[in-house]
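**Student:** In my numbering, the protein residues as written are 9 to 202.
Glycine residues also receive a C-beta, built at the ideal position from the N, C-alpha and C atoms.
1. Where in the segment 106 to 174 do unbroken runs of the beta strand (DSSP E), each at least 3 residues long, occur, reported from the N-terminal end onward?
2. Of all the options 118, 55, 43, which has the alpha carbon lying nearest to the alpha carbon of residue 169?
3. Under 6 Å Cβ to Cβ from residue 93, same chain only, skipping five residues before and after it: list those, please.
4. Determine the direct distance from the alpha carbon of residue 110 to that of residue 64, and round the result to whole angstroms.
5. If we count the other Cβ atoms within 10 Å of its Cβ and call it buried at 16 or more, is residue 62 buried or exposed?
6. Return the chain-ordered list of same chain residues with a C-beta closer than 8 Å to the C-beta of residue 122, the five sequence neighbours on each side being excluded.
7. Applying the criterion that 16 or more other CB atoms from any shown protein chain within 10 Å of the CB defines a buried residue, is residue 31 buried or exposed?
8. Taking the alpha-carbon of residue 188 as reference, which of 44, 54, 42 has the nearest alpha-carbon?
9. Mark residue 126 as exposed unless 16 or more other C-beta atoms lie within 10 angstroms of its C-beta, in which case mark it buried.
10. First and last residue of the alpha helix (DSSP H) that includes residue 56?
11. Compute the beta-carbon to beta-carbon distance between residue 72 and residue 101, rounded to the nearest angstrom, for a pair I have assumed lies under 8 Å.
12. Can you tell me whether residue 120 is buried or exposed? The criterion is at least 16 other CB atoms within 10 Å of its CB, across all chains shown.
13. Assuming residue 115 contacts residue 178 under a Cβ cut-off of 8 Å, what Cβ separation, rounded to an integer in Å, is found between them?
14. What is the C-beta distance between residue 149 and residue 164, in whole angstroms, given that I count them as a contact (C-beta under 8 Å)?
15. Note down, in chain order, each residue of its chain lying with its Cβ closer than 6 Å to the Cβ of residue 161, except the 5 sequence neighbours on either side.
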């Protein structure tokens, strides 16, 4: 009877250890939430608007409240640049001297309020909820004028702007926001003959 209990205890410990390891590995890297693309989203338009040009980023919130927001912004800019999407763009926080038409920009809202949507974000509205220490949660919206062309969320564990997990977070966020995958534009028509 004792050997069976010993085997059962070893199996239970191994199973529990595997569960703990699996849970830890899931939180180690960045996660990306759902994504929405406007019917007007077109990767070739994004490429034409940003290739060889500056691309403005609007930074809202502070993912690392223990640091001044301006320091966080400056330390994250090279991280974003190193993980940028494919066009030869240069991220900048600078407001253009002249009003741009169309006005393409990326809005990053850290710890956004649960009811914040992409339409208000592209119209300059931001609201926040309390952040979780040690976790970066960002809502990314790609805007053209007041229209949201794409939106998604991403999160990871990170302790500061120089945390090595911030690079993969931005790489995954940009991969989803600025996808080059063709969009299906056809609409489902019920009872249509194929």
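**Tutor:** By the coordinates alone:
1. 112 to 118, 143 to 152, 155 to 165
2. 118
3. 182, 186
4. 12 Å
5. exposed
6. 137
7. Residue placement at residue 31 is flagged as unreliable, the pLDDT there being 39, under the threshold of 50; a coordinate-derived value is accordingly withheld.
8. 54
9. buried
10. 51 to 58
11. With 8 Å as the limit, residue 72 and residue 101 do not qualify as a contact, their Cβ atoms being about 17 Å apart.
12. buried
13. Wrong, their Cβ atoms sit about 14 Å apart, outside the cutoff.
14. With a Cβ gap of about 19 Å, residue 149 and residue 164 do not count as contacting.
15. 41, 147
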